[in-house]
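Under the UniProt record's numbering, the residues of the sequence shown are numbered 1 to 281, in order.
Glycine is no exception: its CB is placed at the ideal position from the N, C-alpha and C atoms.
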Amino acid sequence: MANGAQEPYQCRATQTTPRWHLLAADKNEPLAIDIEFVDWKLKANPESKFRHRLGRVALTNTRGQTIYDVYVNYPYNERVRRLLPPPVFGVLREDLMIRNGAKESKEVLKNLGNIIHGRTIVGHGMTQDLTTMDEKIWDRASTIVDTQHLYGQVKLSSLAAEFLDDGIQKTFHDPSEDASATMGLYLLKHPYQGRNGFKDAAPTVNNANGVKDSSEATNSPESKEDSVVGNSSPKGKENALQESTTSAEIETALAQLALEVGDQSGKQRKKGKKGWKPFPL
């Protein structure tokens with residue numbers, strides 16, 4: 001710049017405000033998360049172990065769209081020693097400053113809690129990381145799945161290259177990119193069908209690894225209602241169409257079904273919004 005002035009620092013986080021509208025469409029949609037940590041401990045206790053706290057966090061949905069991607073600023077505390085990760089992880093001292101686009105930890109934690117509430121959260125190699133964090137917000141998720149347990153103890157970049165033909169982490173870690181790859185790996189094991197749920201059973205995970213079991217999802221009131229013969233749910237009526245004897249009856253029934261489904265989902269989706277599209281693998 002002119003007169004030797006320094007250019008303003010460019011925030012590398014891509015979505016510092018949550019995209020709430022992408023969450024409203026389907027409360028059951030799983031989300032992938034990736035976190036780059038900053039370690040800390042009290043200076044007065046140098047023999048203690050470092051603990052994790054958020055440096056940068058990103059979440060994506062099943063379509064690869066970024067829901068949230070933000071650097072986290074914690075209030076300065078002269079009694080705390082902070083240890084940044086190596087530069088390859090993409091969390092520099094400048095990234096964590098409010099003036100450079102980072103958000104206050106209180107705000108980020110509140111947003112995270114609201115985003116993951118009642119949802120399946122998918123991460124890679126994150127089970128141990130979450131247990132060493134001071135912030136206990138992860139129990140707000142209904143289920144936490146670690147793709148490292150689904151594929152074995154393998155690096156995310158290796159799995160992405162082998163199964164997704166996706167070259168990630170070539171120069172530095174990008175949480176948004178890593179979360180998207182994690183979701184791609186998860187969907188290979190558990191294909192998601194939008195509002196209709198999963199093709200196969202909900203993922204069963206090992207409680208011994210600190211992960212919740214999601215088997216109760218298969219016993220939801222909705223699934224029981226649809227299994228009742230002659231019920232009045234939209235899905236039940238759709239099955240009843242197979243017994244229609246004329247094309248006119250089928251067309252009439254389909255029109256009625258469309259009206260009922262549209263009425264039920266109108267509160268959650270705007271009129272004319274495109275339906276769910278599968279994650280591009």
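In the three-state scheme derived from DSSP, where H, G and I count as helix and E and B as strand, residue 49 is classed as coil.
Of the residues assessed, residue 24 falls on the exposed side of the cut-off, its CB having fewer than 16 other CB atoms within 10 angstroms. Between the alpha carbons of residue 144 and residue 6 lies a distance of about 44 Å.
The stretch 105-163 is shown to contain whole beta strand (DSSP E) runs of 3 or more residues at 120-123, 143-146, in chain order. Apart from sequence neighbours up to five positions away, the residues of its chain that approach residue 125 with a beta-carbon distance below 6 Å are 148, ordered along the chain. Residue state for residue 102 is assigned as coil, using DSSP reduced to three classes. Across the set 13, 80, 17, 154, the C-alpha of 80 shows the shortest separation from the C-alpha of residue 45. Under the 8 Å Cβ criterion, the stretch 6-18 counts as touching the stretch 48-67, having at least three qualifying pairs. Following the DSSP letters along the chain, one finds residue 182 inside the alpha helix (DSSP H) bounded by residues 175-189. By the neighbour-count definition (other C-beta atoms within 10 Å, threshold 16), residue 72 is a buried residue. Annotation for residue 32: the continuous beta strand (DSSP E) segment containing it runs 31-42. Per DSSP, the unbroken alpha helix (DSSP H) holding residue 22 starts and ends at 21-24. Contact annotation: the stretch 19-36 touches the stretch 112-125, with at least three C-beta pairs closer than 8 Å. Residue 18 and residue 184 have their C-alpha atoms spaced approximately 21 Å apart.
Judged by beta-carbon spacing, residue 51 lies within the 9 Å limit of residue 133, meaning their Cβ atoms are closer than that value. Excluding the 5 residues flanking it on each side, residue 151 has same chain C-beta neighbours closer than 7 Å at 159, 185, in chain order. For residue 69, the enclosing beta strand (DSSP E) stretches over residues 66-73. Going by beta carbons, residue 118 and residue 140 fall inside the 9 Å limit.
Taking the Cα positions, residue 98 is about 10 Å away from residue 74.
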